[in-house]
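Residue numbers (the numbering used here): 434 to 858.
Here it is, written out as structure tokens:
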């Protein structure tokens with residue numbers, strides 16, 4: 434690379450990833466094949482529209498790439514349709530809102546402080562300015578159970594046009610059957626935001642909302658799916674011509690979403706990213722991906738147990754998926770940002786995170802959020818979780834002891850040398 438400044442930064446990032454452990458649950462490592470597609474000549478091509486219906490010439494190969502991504506995504510999740518063009522998860526969610534809602538319409542979604550996502554109507558977002566978000570919560574933060582009675586009462590009272598099941602920091606499974614029963618009772622569109630657990634669904638270790646009557650699933654394509662950074666919208670219903678506006682019915686939601694993505698909210702798709710998505714979906718269809726997804730959940734369960742043995746208080750008392758949320762403020766008297774920075778210094782990357790009804794401010798919250806997708810990709814197994822938990826406890830104990838943190842960093846570096854990154858295999 435002629436740009437030596439960028440080349441140097443890339444090399445430093447590769448070194449950081451190689452010598453540390455990635456514990457952020459929304460991050461992962463992609464394969465060499467995904468990286469190759471992401472850096473391919475498809476980045477040169479403008480492809481407004483959809484396969485067979487483009488506004489530019491020269492689309493012979495872009496059409497094939499996008500159709501392959503669509504077909505693989507449909508097969509992976511059992512969907513009638515897939516839109517692979519969203520640039521990330523937030524635009525995917527916005528596109529569904531735009532397809533189905535009018536300004537002022539009511540949406541029922543998980544409260545941000547109880548594990549929901551910013552795009553589910555947090556006050557600082559554009560969606561909150563356009564739509565009326567009503568928020569449901571956990572009934573008991575010690576178990577993580579959603580208050581489904583409250584959810585039904587809110588739905589009957591407010592008659593939402595859209596109900597969202599999904600989360601950003603929730604370590605348990607949702608009861609999609611209860612969501613579906615409530616949604617059907619009030620005639621709402623049912624949308625699952627599965628950005629965090631899409632790979633677990635694809636791998637058969639998490640429930641598929643489509644099996645319970647959901648109409649739409651949105652997700653990112655990175656995280657547990659191990660693809661490039663991007664978005665995906667899956668839907669059930671009639672797939673029509675996106676150039677023609679259909680009647681606004683739940684049955685027509687696939688076409689309504691296509692029109693909402695283009696020309697509604699995006700222009701030209703990123704064809705190099707779509708090529709990389711197609712590669713990742715193909716990888717997720719292989720038998721070894723099911724083994725990977727199962728291992729992610731096994732590792733998380735063991736890591737949660739090991740953390741609790743060392744005094745970490747876990748929100749909901751553990752995990753049923755890939756994600757762990759720990760209250761370090763009540764456990765050790767430090768806020769999540771202090772814990773995050775201590776971990777950073779020894780090569781363990783995680784993030785500070787608010788917990789339910791957090792008494793501390795969002796930028797210095799009570800909790801930390803971590804998970805097992807990336808470490809599992811590198812080959813870590815159950816027997817390695819105790820060591821990670823021990824390092825985390827030692828880093829917190831030594832959060833203001835630079836010499837001790839440096840010693841721990843050497844231990845982490847020696848440990849990670851045994852586990853290659855996917856692009857090094």
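All C-beta atoms, glycine included, are put in the ideal place defined by N, C-alpha and C.
In this text, all values refer to a predicted model and were calculated from it rather than measured experimentally.
Look up residue i in the DSSP assignment and say whether it is helix, strand or coil.
| i | result |
| --- | --- |
| residue 802 | strand |
| residue 531 | helix |
| residue 482 | strand |
| residue 568 | strand |
| residue 516 | strand |
| residue 457 | coil |
| residue 644 | helix |
| residue 627 | coil |
| residue 446 | helix |
| residue 711 | helix |
| residue 869 | What is shown of the chain runs 434 to 858, which leaves residue 869 out entirely. |
| residue 521 | coil |
| residue 543 | strand |
| residue 495 | helix |
| residue 668 | strand |
| residue 487 | strand |
| residue 638 | coil |
| residue 463 | coil |
Confirm, please, whether the CB-CB distance from residue j to residue i is below 8 Å.
| i | j | result |
| --- | --- | --- |
| residue 723 | residue 620 | no |
| residue 686 | residue 629 | no |
| residue 529 | residue 566 | no |
| residue 689 | residue 681 | yes |
| residue 526 | residue 697 | no |
| residue 735 | residue 633 | no |
| residue 595 | residue 627 | no |
| residue 713 | residue 658 | yes |
| residue 703 | residue 550 | no |
| residue 798 | residue 790 | no |
| residue 427 | residue 505 | Residue 427 lies beyond the range of the chain shown here (434 to 858); nothing can be said about it. |
| residue 761 | residue 650 | no |
| residue 793 | residue 457 | no |
| residue 553 | residue 597 | yes |
| residue 739 | residue 822 | yes |
| residue 468 | residue 717 | no |
| residue 814 | residue 854 | no |
Given a threshold of 16 other Cβ atoms within 10 Å of its Cβ, counted over all protein chains shown, does residue i qualify as buried or as exposed?
| i | result |
| --- | --- |
| residue 440 | exposed |
| residue 850 | exposed |
| residue 833 | exposed |
| residue 557 | exposed |
| residue 779 | buried |
| residue 485 | exposed |
| residue 866 | Past the boundaries of the shown model lies residue 866; the chain is included only from 434 to 858, so the question cannot be answered. |
| residue 840 | exposed |
| residue 495 | buried |
| residue 764 | buried |
| residue 517 | buried |
Excluding the five sequence neighbours on either side, which residues of its own chain have a C-beta within less than 8 Å of the C-beta of residue i, listed in chain order?
| i | result |
| --- | --- |
| residue 507 | 513, 514, 515 and 667 |
| residue 533 | 594, 595, 622, 681, 686 and 689 |
Near residue i, which residues of its chain fall below 6 Å by C-beta distance, leaving aside the five closest residues on each side in sequence?
| i | result |
| --- | --- |
| residue 387 | Lying before the first or after the last residue shown, residue 387 is absent from the chain, which here runs from 434 to 858. |
| residue 728 | 809 |
| residue 488 | 481 and 482 |
| residue 743 | 822 and 826 |
| residue 693 | 528, 531 and 532 |
For residue i, which residues in the same chain have their Cβ closer than 7 Å to its Cβ, ignoring the five residues on either side in sequence?
| i | result |
| --- | --- |
| residue 758 | 602, 604, 747, 748, 786, 788, 800 and 802 |
| residue 737 | 747, 751, 752 and 757 |
| residue 548 | 600, 601, 602 and 603 |
| residue 611 | 581 |
| residue 471 | 661, 705, 706 and 709 |
| residue 578 | 571 and 572 |
| residue 641 | 510, 511 and 634 |
| residue 546 | 787, 789, 790 and 791 |
Check whether the Cβ of residue i sits closer than 7 Å to any heavy atom of the ligand SAM, and report yes or no.
| i | result |
| --- | --- |
| residue 552 | This structure lacks the ligand SAM, and indeed carries no ligand of any kind. |
Taking only runs that begin and end inside the segment 715-794, name each unbroken alpha helix (DSSP H) of 4 or more residues, in chain order.
Whole alpha helix (DSSP H) segments, 4+ residues: 720-742, 761-765 and 769-779.
Runs of alpha helix (DSSP H) lying entirely within the segment 547-629, each at least 4 residues, in chain order:
Whole alpha helix (DSSP H) segments, 4+ residues: 559-563, 581-591 and 609-619.
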